[in-house]
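Numbering (my numbering), first residue to last: 58 to 187.
Right, here's the structure in full:
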């Protein structure tokens, strides 16, 4: 069985998690056969270790870890590999942890951000002179 482990930073304000929860719900709706969990680095639950344990308990042997970050900063470059090493040690060789690039680096996400920025400037035209 396959799983996806979504990994976000976390915040004190619970409302901050809503977009990530929508991603999780969208994945579940699109792929009901796929185990999906959302985890947080800090300040929110579940932790990466807790969500990973849920996926392993559900029978997942191949787990894609998807950082819900805009880019490869310190958390993705340093913290996440250390956390994945801990998961590998804890769950053994029968579970494969496949780290994906941060979603913000995907061409489709970058294009979506461009479109949102352009839409926010819909009252002006690139051909108009101030």
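Every residue, glycine too, gets a C-beta built ideally from N, C-alpha and C.
DSSP-derived helix/strand/coil call for residue 99: coil
Expected contact under 8 angstroms - CB spacing of residue 95 and residue 78 to nearest Å: 7 angstroms
Beta carbon of residue 125 nearer than 8 angstroms to that of residue 175: no
Reduced DSSP category for residue 60 - H, G, I as helix; E, B as strand; rest coil: strand
Cutoff 8 angstroms; reference residue 72; Cβ partners in own chain excluding five residues on either side: none
Cβ-based burial, residue 151 [other Cβ within 10 Å; buried from 16]: exposed
Inside the stretch 98-167 only - beta strand (DSSP E) runs reaching at least 3 residues: 119-124 and 153-156
C-alpha gap between residue 165 and residue 138, whole angstroms: 25 angstroms
Expected contact under 8 angstroms - CB spacing of residue 160 and residue 123 to nearest Å: 6 angstroms
Sequence-distant residues of its chain with Cβ nearer than 8 angstroms to residue 144 (five each side left out): 105, 106, 109, 152 and 154
CB contact flag (residue 59, residue 91, <8 angstroms): yes
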